[in-house]
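Working notes, beginning with the structure itself.
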Amino acid sequence: MPNFRLQMSTFVLGITLSTVLSPLAVQADNSSTVSVSVPAEWSQQQLLDQVKKLISIDDSFSLTQAVRNDRSNNGFSYLPKVTWSFTWSKGDSPNTENINVSVDAATGNILSMFRNYFGNSSPANSDNVLSADQAKAKAIQIISDLSPSKANLLDQPVIQPYSDYRGLINGYSMKFNRLVNGVPFLSDGIFVILSDHGDLINYNYSWSFDDSQFPSSKPTLTLDQASAKFGVLPLSLKYISKNQPYAANSLNTELVYTPATSSSGVSGGLPVVDALSGALIDLSVSSSVYSSVYSSVYSSVYSSVYQSAPVSLKPLAPLVSSPITSSDDAVALAKKLLGIDNSFVVSSSSYGTASSSIPNITTSWNITFSPSANTGTKQGPVQNITVSLNADTGELIYYWNNIANPPSTTSTTVSYEQAIQKATDFVLKAFPSQANKLIVNGSHGTSGSGTHNGYLISFDQMFNGIPVSQSSGLQVSVDMQTGAIFQVSNRNPIQPAHLPDSTQAISLQQAQAAYLKNFPLKLSYIGQPSFDPVTGFTSAPGQPKLVYATSSQYGNPVLDAISSSFVSTNVGQLVHQNVTDIKGHWAEATLQSFADKGYIQVKDGKVNPDQLLTRANVIHLLVPALRNTNFSHTFSSGSGTSQTMADPDLETAKAAGWIDSNLQKFRPDDRMTRGELAELASRVLGYQKLAAAGSAFKNPYSDTTEVDPYFGNIAVVTALGIMQGNEANEFMENGQITLAEVAVVADRLNKLQQISNP
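For the sequence shown, the numbering used here gives the first residue as 350, with consecutive numbering after it.
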């Protein structure tokens, strides 16, 4: 799979640790630069030997795939003409650890490497992790080994915390931009992901254009002038629904400011300023070239802003007056909504429970239509029309027309604007109850298959006049030649009850100031390609341009509109938080990690590590920290800590048997003691019965006895290294606990669980 696409999606936001415009402190050893030993192309065995020489692949892996890729006719001179892709796997199972490497066949240069771990083979967990500086030094050494001729042509890296979406790997991602004339070229460079123990997870090399093709690095515009231009960047207030891959029914929505130009460009969705003309360049209205050995060109066409109003100002008349109970009624409604004529017959019809991923839809009719035998329209393999209807309202849940279009001698006849109108008209007809909550998303792409070539029009949900950005609503595919709707998908619609209060949002001016502060401009080169407005694909990358761009080179920077902190839009990704009150603290590493993951809320740069916690506070920290696939809850001590059992974290703890189901017995507002925390940790691990056998344990502390109520729990957590006493060999079971202590206990429990449940 395209490693560079992984690079683009996992390069998450954070505060730049080093943005000094100076090359890496690594001198290229030109004598070790790989030379072409065969005039045209290295042999497969030569390349295999080269990879094994440069990348550590132990004997537990076996070579399972070797593919030669001939790209001599791709039209892109900067891409290698021939590459080899190799895969080494550990075991025969498809879900096994593997290493994928791509190599330039002409030079032996490593172009990409990706190591894919699974649950039973993730990197070892321990308390000894690399610091950001140590990770940077190791990455520089890796670059010096794999690409020695480029090592002194790279800028200082942007270092971000990294976590894969499964929560198996934590570490650092680093983008080393190529330097040309002392200016970073944001489209080129070397990308490295290391685990926090120094394992190489991902390596990606991209190097296009000769130095002579770059314009002068002397700008006409000053930095102050560019900042003034950038200060008017368009921001939109939006709701975002976080991606939670293992928690499909768990709704987690945040209110954020995000660039109105939702783009995947080289500046993380933010505009750039032309350093010569002073023009504000919106990268979202052109395509981005992702140069990799797997995917030579990828691009999408974007309009710059959302439409200003929903498709209808009020709900429209319902499709049905009562639930649909007969198959004939469901079939008749499907034909009416979708224009299915009598040349199609019903091949299957069923009534049952609807998809659980769509709230408030309990039952559905699922119907399949096939061409009649005498129509002559059936061409090739199985073709049909699939329809799913909400049995209560008659509105569509899903639609897919897999009937091939008749051959056409004309090119595209439907414009993008016409496609939007056709999609809007269809939404008004097929989704009347939702029409006042749907807004046309300003971005669009293409939707193609073996049967259709079309536009993909997105309709985002809207509440309180604020759109829910690109994660809920509808997607409607419109055929480019006929204008027919051929596919409709619901995208996890959310409910108003799950939305943050928009009246608590900071102002647009405050949001713009935060973007300028956190993403300062600096002089850069970008490669802005041309594009085809119909297909959305480029024919060749454009010439490099001198611009002022932000330090957010990849990802989509979004600002929490209530907490005023930058957040990640994907679960499992981290956003580095600048925490000022933990420097030198004994629990600094854990507190920083928990702040980055969103387990602890940072206010004004502080987390107050020594604050005392209530019993409810402890649960609010333990639940997300021990559920790797869900970063949706953020601990905050706050004020007025009284809880009810409707609290999702308390419900989770109750269901897991961590706490008493009786709220009064749990006492959520009381302070928790160290002895009580020891008991809670034992329950989390399922060691309650073991802890009850207190007389079986040796007394580990001078201030505890076998008759103490938490003696067995204290012995268990001590033996497992989860909690410890002080230098005087005292456990202090009645002492109150701090945020730092609970964070460390949660971290140790997490690691112990990963060892026990790989």
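Where a beta carbon is used, it is the ideal one built from N, C-alpha and C, also for glycine. Nothing here was measured: the structure is a model prediction, and the numbers come from that model.
Smallest Cα separation from residue i: which of the options?
{"i": "M523", "options": "G531, F540, L535 and L970", "result": "F540"}
{"i": "L662", "options": "G520, G814 and V1065", "result": "G814"}
{"i": "Q393", "options": "Q1073, S692, Q783 and G457", "result": "G457"}
{"i": "N530", "options": "L895, K946, V928 and A974", "result": "L895"}
{"i": "I501", "options": "Q490, P510, I508 and D419", "result": "Reading off the sequence shown, one finds Asn at residue 501, where the question assumed Ile. Considering only alpha carbons, the answer is Q490."}
{"i": "D1096", "options": "M1081, E1079, N1078 and L1069", "result": "L1069"}
{"i": "S498", "options": "Y554, V532, S512 and P816", "result": "Y554"}
{"i": "R964", "options": "V951, T1022 and P958", "result": "T1022"}
{"i": "S405", "options": "Q414, W437 and D419", "result": "W437"}
{"i": "T702", "options": "L1034, T712, N867 and S696", "result": "T712"}
{"i": "N526", "options": "I448, L872 and D545", "result": "L872"}
{"i": "S565", "options": "Y1050, S1031, A658 and F534", "result": "F534"}
{"i": "P720", "options": "N966, S676 and N750", "result": "N750"}
{"i": "D548", "options": "R1020, A484 and Q505", "result": "A484"}
Ends of the alpha helix (DSSP H) at residue i?
{"i": "A898", "result": "Where A898 is concerned, there is no enclosing alpha helix (DSSP H), although the beta strand (DSSP E) it sits in stretches over P893 to T899."}
{"i": "F780", "result": "Premise fails: F780 is in no alpha helix (DSSP H) and is neither H nor E."}
{"i": "E937", "result": "E937 to K946"}
{"i": "G1061", "result": "F1060 to A1068"}
{"i": "S676", "result": "S676 to L687"}
{"i": "Q574", "result": "L572 to F579"}
{"i": "Q950", "result": "Segment: none, Q950 is in no alpha helix (DSSP H) and carries neither H nor E."}
Beta strand (DSSP E) containing residue i: first to last residue?
{"i": "P973", "result": "Per DSSP, P973 belongs to no beta strand (DSSP E); it is in the alpha helix (DSSP H), R964 to A974."}
{"i": "N867", "result": "It is not in any beta strand (DSSP E) - N867 instead sits in the alpha helix (DSSP H) that spans L857 to N867."}
{"i": "K871", "result": "L870 to G876"}
{"i": "L549", "result": "L549 to S555"}
{"i": "P665", "result": "Reading off the sequence, residue 665 comes out as Leu, not Pro. First-last for L665: undefined, no H or E at that position."}
{"i": "Q1037", "result": "That residue, Q1037, is in no beta strand (DSSP E); its alpha helix (DSSP H) goes Q1037 to A1041."}
{"i": "P533", "result": "V532 to S544"}
{"i": "V817", "result": "From DSSP, V817 is part of no beta strand (DSSP E); its letter is neither H nor E."}
{"i": "N750", "result": "L745 to N750"}
Using the three-state DSSP reduction, which class does residue i fall into: helix, strand or coil?
{"i": "Q399", "result": "helix"}
{"i": "L961", "result": "strand"}
{"i": "R1032", "result": "helix"}
{"i": "N785", "result": "helix"}
{"i": "S411", "result": "strand"}
{"i": "V450", "result": "strand"}
{"i": "F808", "result": "strand"}
{"i": "K439", "result": "coil"}
{"i": "T735", "result": "strand"}
{"i": "E603", "result": "strand"}
{"i": "S522", "result": "strand"}
{"i": "Q902", "result": "Low confidence applies to Q902: its pLDDT is 45, below 50, so where it sits in the model is not reliable, and the reading given next is rough at best. Three-state DSSP puts Q902 in coil, outside helix and strand."}
{"i": "I931", "result": "coil"}
{"i": "D494", "result": "helix"}
{"i": "G457", "result": "coil"}
{"i": "R840", "result": "coil"}
{"i": "T717", "result": "strand"}
{"i": "V1091", "result": "helix"}
{"i": "G822", "result": "strand"}
{"i": "N1075", "result": "coil"}
{"i": "K587", "result": "strand"}
{"i": "S392", "result": "coil"}
{"i": "S512", "result": "strand"}
{"i": "I673", "result": "coil"}
With residue i and residue j assumed to form a contact (beta carbons below 8 Å), what rounded beta-carbon distance in angstroms separates them?
{"i": "S807", "j": "N785", "result": "Between N785 and S807 the Cβ distance is about 17 Å, and since that is not below 8 Å, they are no contact."}
{"i": "T1087", "j": "L961", "result": "6 Å"}
{"i": "A679", "j": "L745", "result": "About 12 Å; that fails the 8 Å criterion."}
{"i": "V763", "j": "G832", "result": "5 Å"}
{"i": "I1071", "j": "G1024", "result": "Rounded, the Cβ-Cβ distance is 13 Å, inconsistent with contact."}
{"i": "G1061", "j": "F1046", "result": "6 Å"}
Quick one: residues in its chain with C-beta nearer than 7 Å to the C-beta of residue i, no 5 flanking neighbours on either side, listed in chain order?
{"i": "E390", "result": "V431, A454 and A455"}
{"i": "T569", "result": "A624 and L625"}
{"i": "E1090", "result": "none"}
{"i": "N723", "result": "Bear in mind that the predicted position of N723 carries a pLDDT of just 49, short of 50, making it unreliable; the figure below should be weighed with that in mind. For N723, where only same-chain residues beyond five positions count, there are no Cβ hits under 7 Å."}
Excluding the 5 residues preceding and the 5 following residue i in the sequence, name in chain order all residues of the same chain whose CB lies nearer than 8 Å to its CB.
{"i": "S409", "result": "K439"}
{"i": "S782", "result": "P664, L665, P667, T742 and E744"}
{"i": "N465", "result": "E446, N447, I448 and N449"}
Please list, in chain order, all residues of the same chain as residue i whose beta carbon is under 6 Å from its beta carbon, the five residues on each side excluded.
{"i": "V450", "result": "V400, F435 and M462"}
{"i": "V837", "result": "L745, Y748 and V825"}
{"i": "F943", "result": "I949 and A1092"}
{"i": "N551", "result": "F463 and I542"}
Please determine whether the Cβ atom of residue i lies at a distance below 6 Å from any heavy atom of the ligand NAD.
{"i": "D998", "result": "Because no ligand of any kind appears in the structure shown, any question about the ligand NAD cannot be addressed here."}
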